[in-house]
Amino acid sequence: MEKAEKPDKIADDNHDDEAYSIIAPSEEAPIIPYNVKSGDPLPIPDGLPEEGNQFTFRAVAVGCLLGSVVQASNMYLGLKTGFTFGASLFGALFGYAFLKPLSKSKLPIFGGYFGPKENCTVQTAATASGGLGILFSTGVPAMYQLGLLSPNPKDDIAKLILFAMAGAFFGMAFAIPLRTHYILRQKLLFPTPTATAIAIQRLHSGPEGEETGKKQVRCLGLAFSGAMSLRVLSQYLPGIVWKWHWGWWLYLMGAKQAVGIDNWTWYFEITPAFLGVGILTGLNASLSFYLGSLLAWGIIGPILVAKNIAYGSQRLPDTYPEIYDYQSLSSAFTTATHPSARYWLLWPGVLLLIVSSFTELGLNGKKMVMGIWTIARTAVDTVFRPNKNKDSASPGETDSLKDPAAGKLVPPIAWGSLLVASIILTCLVMKLKFQVQLGITLLAIFLGFLFSFIGVQSCGDTDINPISTCAKASQLIIGGATHSYIIPKHALTVNLLSGMIAGAAANQTTDMVGDLRAGHLLGASPANQFYSQFVGSFFAIVLAPSLFVLFSQAYPCIIDLEAKTCEFGVPSVGAWRAVATAVTAKGALPIPKSSAIFALVLSAVGIILTVVKYKVVPRNKRKFIPNMNAVGLGFVVNFTGYASAMALASILTYLWKKKFPRTYDVYAYSLAAGLMSGEGLGGVMNALFSVAGIGGKKYGSSALCPGKVYCG
């Protein structure tokens with residue numbers, strides 16, 4: 085799913101000419117103005133020595149270690165909620181915390197000056213090693229749910245690692261040629277990479293910056309350790325320290341009807357990760373997500389059940405017959421005539437996600453098409469008419485495209501060879517391991533390249549990477565190309581694998597171009613960043629599938645549609661599975677007619693509101709129009725607690741920013757990154773405990789859980 089939108093201070097387009105306060109090393113320090121829209125590298129603080137080699141063992145090793153932590157966290161969060169977060173800021177801050185003290189020592193390899201450019205290498209390696217998790221929290225679990233792979237993922241580990249390798253390097257190869265257009269010519273902002281570069285610049289801006297860095301790292305460390313500890317403790321006392329089932333508590337006190345509140349998942353989960361997401365996301369997206377949850381699980385769902393349009397089942401018919409489950413996706417509740425409430429609501433949510441995202445992209449289509457055309461024309465001229473650009477470029481254009489990193493660029497032979505090798509490897513893996521035809525694989529790679537433009541443009545403008553939408557679009561296109569396949573299961577396999585290849589390529593490209601933006605602002609070497617990305621990707625290739633196997637062993641319900649209960653809602657998996665099923669179905673779709681009609685109506689409303697938002701409403705009033713993509717997410721995510729936590733955190737953060745803007749500026753990102761990564765790593769530890777036989781299912785308490793049944 086999409087990553088969290090970042091604060092308006094950087095992303096707001098209303099302040100093109102405003103001088104931003106980016107170098108304020110402490111809460112009391114004077115403001116040094118700098119316009120982030122200029123696209124120029126950040127000013128170098130006085131007194132910094134010249135950095136030599138930025139591609140060092142210590143930077144890459146620490147970056148890969150930190151990226152692995154983010155990879156583990158994102159695997160947990162992606163399977164549980166469909167959300168992930170980037171590794172760049174986490175890697176920048178924790179990398180500074182690790183290496184700055186070590187740099188003052190006389191230890192071999194780890195001693196010696198540690199500056200902002202080497203700090204950029206750390207966050208670049210962290211981003212690369214934290215990637216690929218999207219494959220294993222979306223399409224791969226969907227394949228297991230549909231019975232397209234072995235019953236036990238552990239038996240497929242070699243195949244999964246090869247598939248990860250097939251999708252690992254396109255982003256690096258695609259990103260390098262896109263750098264000139266999107267970073268130098270268009271000067272796209274890329275809010276999160278820009279914020280990361282600013283944070284690194286602050287950390288290395290003298291004694292005051294170092295003091296602020298200590299504050300940020302301390303905040304991040306406390307949030308990380310606190311969230312991780314809470315998550316580990318929660319598996320043993322889930323009803324006390326994690327899930328507050330207040331509807332069930334009222335039921336125990338005599339208000340028998342209140343159990344319906346709990347049946348529809350209206351209980352509060354103390355989830356640090358979503359409190360962190362709420363800190364970063366802003367009021368509009370958070371409240372829109374809450375609106376979607378309220379509509380789906382507070383109004384529409386109960387009406388559907390009351391009118392016998394959707395159905396549920398008793399969880400404990402003998403002891404507590406009032407407790408119902410409306411979340412099942414088992415075969416008995418995924419038919420057109422007998423759907424669960426979750427299955428009925430899934431289709432309007434998925435369609436709204438797709439159409440609202442593509443409407444937004446369509447409204448910016450001219451800019452994206454011009455970008456693609458410019459890059460294609462430049463590529464042709466470079467190959468066939470190498471002197472044309474030099475002869476015809478105006479002096480102003482030549483000056484504006486002067487590259488500060490000249491002499492430190494990635495040689496074309498390096499990224500070109502990597503691209504060719506990636507294409508060959510992907511075609512071989514898809515054909516030999518999954519029996520996917522060469523033409524389909526090449527189509528998926530082409531779609532990944534095409535969607536890279538959309539992802540980079542969107543992320544550069546708004547900080548939102550529409551990877552889910554792009555991947556679903558590739559599923560639709562591939563579905564049309566494979567509709568004649570006789571064997572339905574093979575069509576599903578081809579659809580999901582091809583969608584993942586296209587999505588991974590687009591996602592990796594967007595992340596890598598963002599890293600290059602941070603490096604550009606800090607004056608780092610693009611070649612060194614490229615090599616850091618290459619090393620980090622190898623960590624991701626092994627780690628991502630291994631983590632998925634760990635979670636599938638600890639929580640088999642992740643890959644079992646017939647499971648009655650599951651701690652992991654896997655909403656993204658459900659969306660991928662739904663699209664694959666729909667585009668490969670023969671004959672009538674397994675969708676309730678009423679759900680299909682409502683999906684069309686809701687999507688029409690989404691299109692109208694999105695067009696009105698961007699074409700009619702003034703820019704400074706758009707925040708009052710709901711984000712229809714987030715509304716659709718509320719239908720797909722089958723638990724209201726995430727929306728509640730996000731909304732609460734966003735409201736508190738809004739008040740914090742209003743009242744204490746300087747402390748917000750120092751601590752907000754660190755606090756959010758610590759909360760999200762801490763809960764994620766705590767979830768990984770819980771999975772390890774479960775596999776080891778010492779988890780909450782064996783030793784946990786059911787106190788205050790509904791039906792007095794363990795609810796961890």
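Note that this note's numbering has the sequence shown beginning at 85, numbered continuously upward. Glycine included, every Cβ here is placed at the ideal spot set by N, Cα and C. The model shown is predicted, which means the values in this text are computed figures rather than measured ones.
Annotated as proximal: Phe623 and Gly151, with beta-carbon spacing under 8 angstroms.
A residue is called buried once 16 or more other Cβ atoms fall within 10 Å of its Cβ, and Pro495, having fewer, is exposed. Every alpha helix (DSSP H) stretch that sits fully inside the segment 244 to 269 and reaches 4 residues is listed by chain position as 254 to 263. The residue from Ala756, Phe723, Ser761 and Tyr748 with its alpha-carbon nearest to that of Arg426 is Phe723. As DSSP reads the structure, Thr694 sits in no beta bridge. Minimum Cα-Cα distance from Gly563 among the listed residues Asn549, Pro572, Asn579 and Ser552 corresponds to Asn579.
In the structure shown, Phe442 adopts helical secondary structure according to DSSP, grouped into three states. The beta carbon of Val520 sits closer than 8 angstroms to those of Met514, Thr577, Val578, Leu581 and Ser582, all from its chain and outside the five residues before and after it, given in chain order. Its chain contains Lys327, Trp328, Trp330, Gly725, Ser728 and Ala729 as the residues whose beta carbon lies nearer than 8 angstroms to that of Phe352, once the 5 sequence neighbours on both sides are disregarded; these appear in chain order.
In the DSSP assignment, Asp749 falls within the alpha helix (DSSP H) that extends over Pro745 to Val775. DSSP, read as helix, strand or coil, puts Glu353 in strand.
Each residue's CA atom was taken as its position, placing Ala672 and Thr665 some 11 angstroms apart.
Counting only residues of its own chain and dropping the five nearest sequence neighbours on each side, Val619 has a CB closer than 6 angstroms to the CB of Val144. Relative to the Cα of Ile282, the nearest Cα in the group Ser774, Phe194, Ala209 and Pro200 belongs to Pro200. Taken through DSSP and simplified to helix, strand or coil, Asp409 comes out as strand. In the structure shown, Lys486 adopts coil according to DSSP, grouped into three states.
Beta-bridge partners assigned by DSSP to Ser397: Asp409. Following the DSSP letters along the chain, one finds Val626 inside the alpha helix (DSSP H) bounded by residues Pro610 to Ala638.
Around the beta carbon of Tyr395, 16 or more other beta carbons sit within 10 angstroms, so the residue counts as buried. Contact annotation: Leu246 and Val715 have beta-carbon atoms that are not nearer than 8 angstroms.
The Cβ atoms of Met249 and Ile625 sit closer than 8 angstroms to each other.
Per the C-alpha coordinates, the member of Pro610, Gly338, Asp409 and Met337 positioned closest to Cys650 is Asp409.
Bridge partners of Trp328 according to DSSP: Phe352.
The three-state secondary structure of Ser372, taken from DSSP, is helix. Assignment of Thr593 by DSSP, reduced to helix, strand and coil, places it in the helix class. About 6 angstroms separates the Cβ atoms of Gln155 and Gly217, confirming a contact at the 8 angstroms cut-off. In the three-state reduction of the DSSP assignment, Thr418 falls in the strand class, which pools E and B. A direct Cα-Cα distance of roughly 18 angstroms separates Lys741 from Leu304. Secondary structure of Pro710 (DSSP, three-state): coil.
Between the alpha carbons of Ser415 and Trp428 lies a distance of about 13 angstroms.
Residue state for Tyr320 is assigned as coil, using DSSP reduced to three classes. Residues of the same chain with a CB within less than 7 angstroms of the CB of Phe635, apart from the 5 flanking positions on each side, are Met159, Leu163, Ile642 and Ala771 in chain order.
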